[in-house]
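*Asks:* Mind having a look at this structure? Questions to follow.
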Amino acid sequence: MRRAFALSISILILSLSLVSAAGKGGINESIDLENTGISSVSYDATFYWIDSDQDFTINVELDDDSNISSIQIWTQICVNSGLCHPPNPQDMVIDNTTGIWTASVDSIEDQTYVNWYFDLVEGENVTRTPDNGWGWKVWSDCWFDGGEWGGANEDEKLCGSPKTPAIGIVGTVVSVLIAAAVIRRD
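Residue numbering for the sequence shown is 6 to 191, as defined by the working numbering.
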């Protein structure tokens, strides 16, 4: 019984070190805008945080015949440990001269990517775009996807010192110590 318990705990701790930030690293995602009321969504191809204090800006242009009166964007930042912060809503601001709606996302240290979706308000109706899940994802300049480091700053080795995440080393050591202690008692 003790051995099975120790093995279960060891596997659980080791699996924590293998959590991926999400799927295949470094591949940005976006949805098809057809029939959404949105004509374009523009943003930087990289979510910068190393040596940068600039915000990540998302711009939305609506179809000419759109009756959308406001846009709320829901953003979520996930970090290199594989965890994600809670979704953060904010109202997008329209530039009345250009008709472009804008929102900014503050970068944080150790970010893997940012993803988002929109709530489009037209009269009393609110339409989520996309209907479910996140519609867009942009990877940072220094990300870890659970197996490898990547991003624009990985070439300069500014990412992930050491290459193994701390939870992996700690998890492995704790697992071995628990297993050794239980085996020694039997």
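For every residue, glycine included, the Cβ atom is placed at its ideal position computed from N, Cα and C.
Restricting to Cα atoms, I'd like to know which of G30, W121 and T103 is closest to N85.
*Replies:* Looking up residue 85 in the sequence shown gives position 80. Measuring from the Cα of N85, the nearest candidate turns out to be G30.
*Asks:* DSSP three-state label for I76, please.
*Replies:* Residue mapping note: residue 76 aligns to position 71 of the sequence shown, counting from 1. It is a strand residue.
*Asks:* So, V65 versus M97, is the Cβ gap smaller than 8 Å?
*Replies:* Counting from 1 along the sequence shown, the entry for residue 65 is found at position 60. Counting from 1 along the sequence shown, the entry for residue 97 is found at position 92. Cβ distance < 8 Å, so V65 and M97 count as in contact.
*Asks:* Please confirm if the region 97 to 107 is in contact with the region 131 to 144, defined as three or more CB-CB distances below 8 Å between the two stretches.
*Replies:* Segments in contact, no.
*Asks:* Here's a check: name, in chain order, each residue in its chain whose Cβ is nearer than 6 Å to the Cβ of S192, leaving out the five neighbours to either side.
*Replies:* Given a span of 6 to 191 for the chain in the structure shown, any question on residue 192 remains unanswerable.
*Asks:* Can you tell me which of I183, V143 and D124 puts its alpha carbon nearest to the alpha carbon of C83?
*Replies:* Counted from its first residue, the sequence shown places residue 83 at position 78. Per the Cα distances, V143.
*Asks:* Using a 10 Å radius around the Cβ and a threshold of 16 neighbouring Cβ atoms, would you call L88 buried or exposed?
*Replies:* Position 83 of the sequence shown, counted from the first residue, corresponds to residue 88. By the neighbour-count rule (16 or more Cβ atoms within 10 Å), L88 is not buried but exposed.
*Asks:* Can you tell me the Cα-Cα spacing of D60 and Q95, whole angstroms?
*Replies:* Position 55 of the sequence shown, counting from 1, holds the residue named residue 60. Position 90 of the sequence shown, counting from 1, holds the residue named residue 95. So the alpha carbons of these two residues sit roughly 14 Å apart.
*Asks:* Can you give the beta carbon distance from S75 to V126, rounded, assuming they're within the 8 Å contact cut?
*Replies:* For this step, residue 75 is matched to residue 70 along the sequence shown. For this step, residue 126 is matched to residue 121 along the sequence shown. Confirmed, about 4 Å.
*Asks:* So which of A157, L163, I183 and F123 has the shortest CA-CA distance to T51?
*Replies:* Taking the first residue of the sequence shown as 1, we reach residue 51 at position 46. The shortest C-alpha separation from T51 is found at A157.
*Asks:* Pick helix, strand or coil for I32, following the three-state DSSP scheme.
*Replies:* The count along the sequence shown starts at 1 and reaches residue 32 at position 27. Correct three-state label for I32: coil.
*Asks:* Comparing C-alpha positions only, which one of G128, G138 and D146 sits nearest to I73?
*Replies:* Here residue 73 is taken as the residue at index 68 of the sequence shown, counted from 1. Among G128, G138 and D146, the Cα nearest to that of I73 is on G128.
*Asks:* Just the Cα atoms here: how many angstroms apart are Y122 and I183?
*Replies:* One-based indexing of the sequence shown puts residue 122 at position 117. One-based indexing of the sequence shown puts residue 183 at position 178. So the two alpha carbons sit approximately 43 Å from each other.
*Asks:* With 16 other CB atoms within 10 Å as the buried threshold, where does S47 fall?
*Replies:* Along the sequence shown, one-based indexing puts residue 47 at 42. So S47 ends up on the exposed side.
*Asks:* Identify whether I82 lies in helix, strand or coil by the three-state DSSP scheme.
*Replies:* The sequence position of residue 82 within the sequence shown is 77, counting from 1. If DSSP states are grouped into helix, strand and coil, I82 belongs with the strands.
*Asks:* I'd like the list of long-range same chain contacts for P170, defined as Cβ closer than 8 Å, with 5 residues on each side in sequence excluded.
*Replies:* For the purposes of this step, residue 170 is identified with residue 165 of the sequence shown, where counting begins at 1. Its pLDDT being 44, under 50, P170 is placed unreliably by the model, and the measurement read from it follows with that caveat. The residues are S22, N85, S86 and F149.
*Asks:* Taking a contact to mean a Cβ-Cβ separation below 8 Å, would you say D146 touches W79 in this structure?
*Replies:* For the purposes of this step, residue 146 is identified with residue 141 of the sequence shown, where counting begins at 1. For the purposes of this step, residue 79 is identified with residue 74 of the sequence shown, where counting begins at 1. Their beta carbons are not under 8 Å apart, which means D146 does not touch W79 by this criterion.
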